[in-house]
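Colleague: Residue 307 in the working numbering sits at position 294 of the sequence shown, and the numbers go up by one each step.
Take a look at this one; I'll ask things after.
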Amino acid sequence: MNNHHLSNIAGKNVFVAAFVFGCLWFLAGCTESQKPRSSQHLCPPKTSVSQSITALRAGNRSIFPLKAVGTCSVDFSGQSRDGFKQNFPVRIWYAPVGKLAMFGEVLFDPQALCFGVSGEQFWSYSKHFDVYYHGQSNGIRKIAGGGLLDIRPQILLQILDPARAISRAEKLYRYGPFDVLTAKAQNGTTTKVFIERCQYLVSRIEYIDFTGQLFFAAEMRDYKVVKGGRKYKFPSRIVVESYKENSAGRLEINLNRTELWQPNQAQLKSLFDKPKSKGFGNVYQVTQQGQVLRETK
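Listed below in structure tokens is the structure:
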């Protein structure tokens, strides 16, 4: 597959790509990091990485199985080519550890769009575009095409469960009312997690490439108590933004209802077993090097 063909694939399916890696991303600016919002209450900072991680995990952020419904807004209208805006209902299921299923409703089909992660596998499809992607979630540096395709599936899980993002944190510093944990991956990408100091909830996660440029960020806003979760809180608004040149875009999810659930084995299998690609006219495998290879039937 040549680069021109890959570019056409990415352009044609930018809506699929947007849903694939998120229905969950973006906040402002194209070159500079936009720092998260917070109240101005003065609360004492944590004094070490281990103390910060312990407080984050203990303070209502130990992820439980949950399900949520809401709306997803995709905005690529600023792009010079194939720009668009789209809104659609979205449903999310999450089960520890590392199982995620998201469905977008289009033209009255509640499963018209799908993105799933289970262990080391991920998949995504769009019935409208007759396209199906699949690959391994661990180790993918980026997916060819730019924009939201430059996101590892594991990043989406980190947004839902920030403890995953800071499990290998190396440094802690203060930024206004925030404690900031940083972790550096082997590929040179740095993750910054901004934690509001009073409630000790994550407000923002930034991803910075090896050149020091911010390329992706997610903000978690308007935390609310999850139904059935006592004091367990989860963001009702998730805003994510890509800063890649020529492919900047914004995704926003507003959750109307989030609640705990106790999945049975049948539900786990139905939601988190990778669906077959049979019936799709365009099937692509994403390699760990970021190549998109079309599969022949």
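Glycine is no exception: its CB is placed at the ideal position from the N, C-alpha and C atoms.
1) According to DSSP, Glu133 sits in a beta bridge with which residue or residues?
2) Which whole-angstrom value describes the C-beta separation of Leu69 and Ile208, a residue pair presumed to lie in contact below a C-beta threshold of 8 Å?
3) How many Å lie between Asn230 and Gln275 at the Cα?
4) Secondary structure at Ile179, three-state DSSP: helix, strand or coil?
5) Just the Cα atoms here: how many angstroms apart are Met313 and Leu169?
6) Less than 8 Å between the CB atoms is what I'm expecting for Phe135 and Tyr245, so what's the real figure, rounded?
7) Short check: CB of Met233 to CB of Pro175, under 9 Å?
8) Can you tell which of Gly292, Ser290 and Ile251 has its C-alpha closest to the C-alpha of Val320?
9) Where do the ends of the alpha helix (DSSP H) carrying Phe121 lie?
10) Verify whether the separation of the beta carbon atoms of Ile179 and Thr204 is less than 9 Å.
11) Thinking just about the alpha-carbon of each residue, which of Tyr146, Leu194 and Glu254 is nearest to the one in Tyr297?
12) Along the chain, where does the beta strand (DSSP E) containing Ala231 start, and where does it finish?
13) In angstroms, rounded to a whole number, what distance separates the CA positions of Ala125 and Gly111?
14) Which partner residues of Ser84 appear in the DSSP bridge assignment?
15) Between which residues of its own chain and Pro58 is the CB-CB distance below 7 Å, once the five residues before and five after are set aside?
16) Our contact map puts Phe293 next to Asp143 with C-beta atoms below 8 Å; I'd like the distance itself, whole angstroms only.
Modeller: Judging by the given coordinates:
1) Residue 133 sits at position 120 when you count from the first residue of the sequence shown. Paired residue(s): none; Glu133 is not in a bridge.
2) For the purposes of this step, residue 69 is identified with residue 56 of the sequence shown, where counting begins at 1. For the purposes of this step, residue 208 is identified with residue 195 of the sequence shown, where counting begins at 1. Correct: roughly 6 Å between the Cβ atoms.
3) In the sequence shown, residue 230 corresponds to position 217, counting from 1. In the sequence shown, residue 275 corresponds to position 262, counting from 1. The sequence shown places Ala at residue 230, not Asn. When rounded, the distance between both Cα atoms is 31 Å.
4) Taking the sequence shown and counting its residues from 1, one reaches residue 179 at position 166. Three-state result, Ile179: coil.
5) With the chain represented from 14 up to 310, any question about residue 313 goes unanswered, as that position is not in the structure.
6) Within the sequence shown, residue 135 is the residue found at index 122, counting from 1. Within the sequence shown, residue 245 is the residue found at index 232, counting from 1. With 8 Å as the limit, Phe135 and Tyr245 do not qualify as a contact, their Cβ atoms being about 26 Å apart.
7) Counting from one through the sequence shown, the residue named residue 233 turns up at place 220. Counting from one through the sequence shown, the residue named residue 175 turns up at place 162. Their beta carbons are under 9 Å apart, which means Met233 touches Pro175 by this criterion.
8) Summary: the structure shown does not reach residue 320, with the chain confined to residues 14 through 310, and so no result is reported for it.
9) For the purposes of this step, residue 121 is taken as the residue at position 108 of the sequence shown. Per DSSP, Phe121 belongs to no alpha helix (DSSP H) and is neither H nor E.
10) If you number the sequence shown from 1, residue 179 lands on position 166. If you number the sequence shown from 1, residue 204 lands on position 191. Their beta carbons are under 9 Å apart, which means Ile179 touches Thr204 by this criterion.
11) Taking the first residue of the sequence shown as position 1, residue 297 is located at position 284. Closest by alpha carbon: Tyr146.
12) The residue you call residue 231 lines up with position 218 of the sequence shown. Taken as a continuous stretch (DSSP letters only), the beta strand (DSSP E) holding Ala231 covers Leu227 to Val238.
13) Residue mapping note: residue 125 aligns to position 112 of the sequence shown, counting from 1. Residue mapping note: residue 111 aligns to position 98 of the sequence shown, counting from 1. If I take the Cα positions, the gap works out to 23 Å.
14) Residue 84 sits at position 71 when you count from the first residue of the sequence shown. In the sequence as presented, Ser is not what sits at residue 84; that position holds Thr. Pro102 and Asn267.
15) Counted from its first residue, the sequence shown places residue 58 at position 45. Within the same chain, Pro58 has close Cβ partners Arg187, Asp192 and Arg210.
16) Position 280 of the sequence shown, counted from the start, is the residue given in the question as residue 293. Position 130 of the sequence shown, counted from the start, is the residue given in the question as residue 143. Their Cβ separation, rounded to whole angstroms, is 6 Å, which keeps Phe293 and Asp143 in contact under 8 Å.
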